[in-house]
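Same order as they appear, the protein sequences are chains X and E.
Residue numbers for the first sequence follow our numbering, beginning at 1 and rising by one.
Residue numbers for the second sequence follow our numbering, beginning at 1001 and rising by one.
In this text, a Cβ means the ideal position worked out from N, Cα and C, and glycines have one as well.
Keep in mind the model is a prediction, meaning the values are calculated, not measured.
Quick notes on the structure that follows.
Protein chains: 2
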Amino acid sequence: MEPALSFQLFTGEATGPRLGKVTTAHGSFDTPVFMPVGTAGTVKSLNPDQVAQTGARIVLGNTFHLLLKPGPDIVAAHGGLHGFMQWPHSILTDSGGFQVFSLSGLRKLDQDGVTFRSPLDGHLERLTPERAVEIQQALGSDIAMVLDVCPPAEAPRDEVRRAMDLSTDWAGRCLVHHRRPDQALFAIIQGGADGQLRAEHAQSLTGSPFDGFAIGGLSVGESTGDMYAAIEATTPHMPVAKPRYLMGVGTPQNLVEAVARGVDMFDCVLPTRTARNGRLYTSLGVLNISNARHAHSLEPLDAACDCYTCQHFSRAYLRHLFMARELLSYQLNSIHNLRYFQNLMAAVREAIATGGFEDFRRAFHSALQPEEE
Amino acid sequence: MEPALSFQLFTGEATGPRLGKVTTAHGSFDTPVFMPVGTAGTVKSLNPDQVAQTGARIVLGNTFHLLLKPGPDIVAAHGGLHGFMQWPHSILTDSGGFQVFSLSGLRKLDQDGVTFRSPLDGHLERLTPERAVEIQQALGSDIAMVLDVCPPAEAPRDEVRRAMDLSTDWAGRCLVHHRRPDQALFAIIQGGADGQLRAEHAQSLTGSPFDGFAIGGLSVGESTGDMYAAIEATTPHMPVAKPRYLMGVGTPQNLVEAVARGVDMFDCVLPTRTARNGRLYTSLGVLNISNARHAHSLEPLDAACDCYTCQHFSRAYLRHLFMARELLSYQLNSIHNLRYFQNLMAAVREAIATGGFEDFRRAFHSALQPEEE
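In structure tokens, the structure reads:
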């Protein structure tokens, strides 16, 4: 039988930049890769053709949101999330854990799972490792994630350790319960900003036959330096031959720096969320389209960009749409920001392939200017 | 020199269904035609490629909205509205009159023009026939409209007559002032619901060398019967060889009935506005996607429809997007409703071409079911 996921590593070791290719039941994608987030069965403001046109070949779906609305049964009736949202390429689903532990309302953790109130209608929901696996099997994603316990960034060391140990236990329960042969399962390494805990948790998980390993619990309020240190403490203890996924990260700078430390996969709402706020990524840094200096500009957003938005529209038009709160603004801005992230990762891969990653990294950082007010 | 607009009439007379073709500086479109409304330089929620994919080859732009934001100078700097919004096909602009006379705030009419406050920032603006022409020349539309005076539906007969007489005077001033050789100019026939006034106004305008004639001042609150009667009173007095445009109308039923009475061109916000409210046109009538009966439906919106939305997505998915207020909902719904209107007009043209319009009209009306709650 075919494995649910195969990973070819062309260049790279346990640390440092790596070049590879992941193949799932719905096709292949090159790594390092950026996965746009399709929270509730849609990458916000774009149809699936438009998402694919940005170059994306894998998107992320949020189990938490799909569980609450429309519910896994409706998605499963479409043959899964691929059929529901009409995305023919790969899909990764998270387990819902991160969102549950981010809820400000009622949430009760026990050894067996976590109970919480739906922020939509207040009904009680419960996630256990087994249920998180079952929901993701119903969603039919190509890559599922184990349910983990995510402590807040400011949690004391003993709370981080307890979360870590419970996460190890839950990861094992997910692995035992997982049945779908066409779906891969990734474990999640916790440990907060503590390098020793990170190393320890990596070692306790990587002995089990997961298809890949994620670094979780980062980008939750810690400093950038702490985040990079936590990655550096983790990747040396991860298997070389399996993909590594840094969850919920991040800015273009974060991506380049995490690639430098041995990460293969990323997801983040940043490109689409900032697009809807009129903040647009360019080769020179972040541009704020509401700025009055763009009101008469016939220039494209980024002369270096090949996206539909930059190939057609002026900054003046894009500013007009944004100021008038026209729905097309969110579509065109999202196309651009997602294409920027895809182009960035393609440039990263090209630099690794040609042995020029360090030059690329230096040139990339030095080109960026402070974000426009 | 080429005329700004040419009209070939293949089938038809002064009244009854007509089949034709309009050619402007930006291409041709078959008539009867439906023009999507791109109020502020965008057909709401769709990019220009998507609008063209619905079959549209002419859209409408609103001078009133573009005058206030972003202003005609910015549009003109892009070579006009075609460059600004990147729409390569034909554009018709209205004169702004209808919106000015619909304002609830300050508005002062005199013989020379009309002064009003911007609803955006309260600054005073003024439209005269000459200024309306100049703005539309700056916008560079293929078809410009004269500035007219639009009385409310409940206006007494002498007020309707005064508005009519002033509109005649202003139409003449527009014609004299108009200079752009690549832009057509249409006059607007007023007269309220009074058949005698309609006939009189048609006769007083159609002697002048306008490129086409519009029926204005309808769909402003009068009954459907009054609207049809007003059209019937007007079209016999309009030149056979020039296109007729019924402004701001209407429902699919209105379009079919107006075609039956000799109208060639239509515009309306209905398909895009109702799309954003989850009301979707089908061959069986209007469907409300928020209805719970669609929650588990794997069916397309309309099995008879060839649009991107119907070819890809289930009602359950479309309902999910709408209930979750996902931006993609407005895009997919708008694609469908606009395609429905384009397909309807294509079916109307086909029926006229094959001599089967009366059969088509009967079958069309009898297939429609009451609108879903």
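| Check | Outcome |
| --- | --- |
| Proximal chain E residues relative to residue 290 of chain X, where beta-carbon distance stays under 9 Å | What residue 290 of chain X touches in chain E: nothing, since even the nearest Cβ is about 13 Å away. |
| Close Cβ partners of residue 86 of chain X (< 7 Å) along its chain, the five nearest in sequence each way excluded | 48 |
| Under 8 Å by beta carbon: chain E residues contacting residue 74 of chain X | 1295, 1296, 1316 and 1320 |
| For residue 272 of chain X and residue 36 of chain X, believed in contact at Cβ under 8 Å, the rounded distance | 7 Å |
| Straight-line gap, residue 1031 of chain E to residue 1244 of chain E (C-alpha atoms, nearest Å) | 10 Å |
| Range covered by the alpha helix (DSSP H) that runs through residue 288 of chain X | No alpha helix (DSSP H) holds residue 288 of chain X; the beta strand (DSSP E) holding it covers 285-288. |
| Distance between residue 219 of chain X and residue 160 of chain X (C-alpha atoms, nearest Å) | 15 Å |
| Residue range of the beta strand (DSSP E) that includes residue 268 of chain X | 265-268 |
| Those runs of the beta strand (DSSP E) which lie wholly inside the segment 213-249 of chain X and span at least 3 residues | 244-246 |
| Any C-beta of chain X under 8 Å from that of residue 1045 of chain E | yes |
| Chain-order list of residues whose beta-carbon lies under 7 Å from that of residue 1203 of chain E (same chain, five-residue window excluded) | 1237 |
| DSSP beta-bridge partners of residue 281 of chain X | X:286 |
| Secondary structure of residue 1363 of chain E, DSSP reduced to three states | helix |
| Endpoints, the beta strand (DSSP E) within which residue 1006 of chain E is located | 1006-1011 |
| Sequence-distant residues of its chain with Cβ nearer than 6 Å to residue 348 of chain X (five each side left out) | 32 and 259 |
| The alpha helix (DSSP H) enclosing residue 319 of chain X, as first and last residue numbers | 315-323 |
| Rounded separation between residue 1358 of chain E and residue 1170 of chain E - CA only | 39 Å |
| Any chain X beta carbon closer than 8 Å to residue 1327 of chain E | yes |
| Beta carbon proximity, residue 1340 of chain E to chain X, threshold 8 Å | no |
| Pairwise C-alpha distance: residue 1367 of chain E and residue 1255 of chain E | 16 Å |
| The segment 280-288 of chain X contacting the segment 1056-1066 of chain E, beta-carbon criterion three pairs below 8 Å | no |
| Local conformation of residue 1350 of chain E per DSSP, three classes | helix |
| Beta carbon proximity, residue 275 of chain X to chain E, threshold 8 Å | no |
| Assigned exposure category for residue 1055 of chain E - 16 Cβ within 10 Å defines buried | buried |
| Interface partners of residue 85 of chain X on chain E, CB under 8 Å | 1317 |
| Neighbourhood of residue 179 of chain X by C-beta, 7 Å cutoff - its chain only, sequence neighbours within 5 removed | 137 |
| Buried versus exposed call for residue 1263 of chain E [16 or more other C-beta atoms within 10 Å across all chains shown] | buried |
| Which residues DSSP lists as bridging residue 1030 of chain E, in chain order | E:1021 |
| DSSP state of residue 159 of chain X mapped onto helix, strand, coil | helix |
| Residue 1059 of chain E: first and last residue of the uninterrupted beta strand (DSSP E) it sits in | 1058-1061 |
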